[in-house]
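Peer 1: This structure is in structure tokens; I'll ask about it shortly.
Residue numbers (the working numbering): 331 to 394.
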């Protein structure tokens, strides 16, 4: 009896996780044209989807 209840809860949790993943990965009409850009150190926009030039990203987080 306990194994059956446990399996029901496991299935509910799996369905909830699948729903969250599908919601997060779903299409969004407000996302624009899909061009990813960031500002470089000179304030110019750099396209991350430009295949002609390699782009290296540094991400720093504050510690403490």
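By construction, the Cβ of each residue, glycine as well, lies at the ideal position given by its N, Cα and C atoms.
Since the model is a prediction, treat every value here as computed from it, not as a measurement.
Mapping DSSP to helix, strand and coil, what is residue 479?
Peer 2: In the structure as shown, the chain starts at 331 and stops at 394, and residue 479 therefore has no counterpart that could be examined.
Peer 1: Check for me: the beta strand (DSSP E) holding residue 376 runs from which residue to which?
Peer 2: That run of the beta strand (DSSP E) goes 375-377.
Peer 1: Output the distance between the C-alpha atoms of residue 383 and residue 354, rounded to the nearest integer angstrom.
Peer 2: So the alpha carbons of these two residues sit roughly 30 angstroms apart.
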